[in-house]
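Novice:
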Amino acid sequence: MLFSQIVSQPTPMAAPVVETGQQRLKGRLVLDELPVEIVVEIATNLDFEGFGSMLGVSSFMRCILQKYWRYILSSIIEREFTPVGLFFRAFETGEVTRVGNRSAREWLGRLTGVGGGRDWRDREMDRIMNFCRGVKLWEAEFQRFRFYDCDVGEMRLMNGRERERFRRGLFIWDWFARVHHAGRQTRRTAEPVAFMRRFSTTELHELNDVWETVWAAVGREVCPSVTAVMEVIGDRSLAEGIGWGDGEENRQILGTVMKLGPGDLLRLLAGGGGKIPRTGGFV
1 MLFSQIVSQP
11 TPMAAPVVET
21 GQQRLKGRLV
31 LDELPVEIVV
41 EIATNLDFEG
51 FGSMLGVSSF
61 MRCILQKYWR
71 YILSSIIERE
81 FTPVGLFFRA
91 FETGEVTRVG
101 NRSAREWLGR
111 LTGVGGGRDW
121 RDREMDRIMN
131 FCRGVKLWEA
141 EFQRFRFYDC
151 DVGEMRLMNG
161 RERERFRRGL
171 FIWDWFARVH
181 HAGRQTRRTA
191 EPVAFMRRFS
201 TTELHELNDV
211 WETVWAAVGR
221 EVCPSVTAVM
231 EVIGDRSLAE
241 GIGWGDGEEN
251 RQILGTVMKL
261 GPGDLLRLLA
271 GGGGKIPRTG
281 GFV
């Protein structure tokens with residue numbers, strides 16, 4: 001037979017092989033089959049969002065992660081939620097107003113159970129996770145506020161140092177709000193001025209930067225003045241129906257709204273409660 005005749009012959013088709021799920025997994029190592037210590041080590045190296053996603057992989061995986069959540073979250077907090085000391089002070093306001101200063105290592109040790117201290121119960125995991133989610137939501141919103149007046153070419157992501165400075169101001173603000181608006185004052189924290197004296201000049205500057213940036217955002221997006229609305233729509237009568245007064249009247253309204261805690265303001269600035277559920281912590 002000529003070569004041309006050979007290649008022109010139809011090639012017999014092999015029967016299709018239907019691969020079952022079990023066959024596909026054969027020879028492959030799946031996450032649920034890894035040793036527990038390897039799963040925990042992987043989780044400690046994830047970012048916060050990755051850890052949250054890993055909790056939803058399977059019920060078996062969630063069981064492991066919930067058992068070792070203190071160890072895992074302490075590693076994530078140490079990387080992503082610095083300064084750690086202020087993170088826990090804001091989170092655990094009811095207790096920290098009665099204790100002295102603690103280092104980041106001491107706070108993380110209390111979380112993991114190293115060195116004694118408070119026994120963190122399993123139900124605390126949801127509280128800390130919600131608190132962390134609130135911090136991340138605030139970071140995203142503050143990023144938008146920070147570069148609101150910048151040209152498109154000047155917009156960028158905040159770097160690690162800028163995010164840490166923002167978190168420091170946010171934690172101090174939330175700590176203050178919890179103490180003075182939730183009836184948790186002690187003799188050491190009853191006066192706002194006395195409360196603020198515990199912070200360094202640098203920390204107060206960072207708090208002021210967060211406060212002024214959020215104040216400006218509330219003035220634009222929540223209760224703008226009549227003049228600000230007029231500049232956008234050009235109709236005075238319509239602007240008076242939309243705006244929240246002018247001059248001193250608008251400043252008083254803004255000051256009243258800013259008395260809300262960070263969680264309530266976050267819901268207002270992010271478009272209402274339907275977008276951000278009320279689950280405790282910052283959110």
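Residues in the sequence shown are numbered consecutively from 1, following the UniProt record's numbering. Glycine is no exception: its CB is placed at the ideal position from the N, C-alpha and C atoms.
1. What does the Cβ neighbour count give for D149, buried or exposed, with the cut at 16 atoms within 10 Å?
2. Are there 16 or more other CB atoms within 10 angstroms of the CB of M230, so buried, or fewer, so exposed?
3. Determine the extent of the alpha helix (DSSP H) in which L238 is found, giving its start and end residues.
4. Give me the Cα-Cα distance between L86 and G241, rounded to the nearest whole angstrom.
5. Tell me whether F60 is buried or exposed, calling it buried when 16 or more other Cβ atoms sit within 10 Å of its Cβ.
6. Which residues in the same chain have their Cβ closer than 7 Å to the Cβ of E221, if we skip the five residues on either side of it in sequence?
7. Would you mind sorting L170 into buried or exposed? The rule is 16 or more other CB atoms within 10 Å of its CB.
8. Could you pull out every residue in the same chain whose Cβ sits closer than 7 Å to the Cβ of L254, ignoring the five residues on either side in sequence?
9. Among the residues of its own chain, which have a CB less than 7 Å from the CB of D209, if the five just before and after it don't count?
10. Between the Cα of P262 and those of S58, L65, A140 and W173, spot the shortest distance and give me the residue it belongs to.
11. Determine the contact status of T213 and R146, defining contact as a CB-CB distance below 8 Å.
12. Among the candidates A177, R144, A140 and L207, whose CA atom is the shortest distance from the CA of R165?
13. What residue range does the alpha helix (DSSP H) around V59 cover?
14. In or out: A194 buried (at least 16 other Cβ within 10 Å) or exposed?
Specialist: The answer reads as follows:
1. exposed
2. buried
3. R236 to I242
4. 42 Å
5. exposed
6. L269
7. buried
8. W215, V218, G219 and C223
9. G169
10. W173
11. yes
12. L207
13. A quick correction: the sequence has Ser, not Val, at residue 59. First-last of the alpha helix (DSSP H) with S59: S59 to K67.
14. exposed
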